[in-house]
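Worksheet for the structure shown next.
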Amino acid sequence: MVRIYCFLFLLLLYGPVGAQVLKNTDTVRMYNAVEIFLEPKGGMHNFKIHWLNYLKEVMRESRLDKAIYADHIFEIIVTKDGTLLDRKSDSKDPVLIDFLRKQKRWSPGIQSGRPICYLLKLKVPKELFDKVKMEELIVRGDLFTQELLGP
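Residue numbers (our numbering): 506 to 656.
Structure representation (structure tokens):
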């Protein structure tokens, strides 16, 4: 009997005390790095419509020549604060400069919690000169592309 009491006493003595046990309140949280793409005010679909309407307006004013601008690609930098800039700072192209003046700031792209610069390539589709319907041009995947610029 004494042995049983000694055994129980030792068990209690060496067993963990409730105050010394680590509580499982420290949890490890997993965070997924989410990349947020740049976005113009009103969304990409409205931007495509705005771009094509602008090109049609410039074409009506005879400032858009098919020989020069058919399948031409304009390169624009979207800065960390959402401003649109011509990639070539010395560019004197009135079509692009006029378009950029009319644009509002975009919400910038974010990667790893930091805003980043993007290169935006806007295409002047040659079908625009052939009077193709606007709906067909908007659906095209090559109307504009986005590329991440290095740091």
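No residue lacks a Cβ here, since even glycine has one placed at the ideal position from N, Cα and C. As the structure is a computational prediction, the values presented were derived from the model and not from experiment.
- Each residue's CA atom was taken as its position, placing Val583 and Asn551 some 17 Å apart.
- With 16 or more other Cβ atoms inside 10 Å of its own Cβ, Phe604 counts as buried.
- The beta carbon of Pro620 is closer than 6 Å to those of Lys585, Pro613 in its chain, skipping five residues each way along the sequence.
- Judged by their CB atoms, Val637 and His577 are not nearer to each other than the 7 Å cut-off.
- Taking the C-beta atoms as reference points, Arg592 is found nearer than 7 Å to Glu580.
- For the pair Lys553 and Leu624, the CB atoms are not nearer than the 7 Å cut-off.
- Collapsing the DSSP output to three states places Glu540 in coil.
- For Leu653, the enclosing beta strand (DSSP E) has its first and last residue at 649-653.
- In this structure, the beta-carbon distance from Gly646 to Trp611 does not fall below 7 Å.
- Distances from the alpha-carbon of Cys622 to those of Met564, Glu652, Lys631 put Glu652 closest.
- Burial state of Val644 is exposed, judged by a 10 Å Cβ sphere holding fewer than 16 other Cβ atoms.
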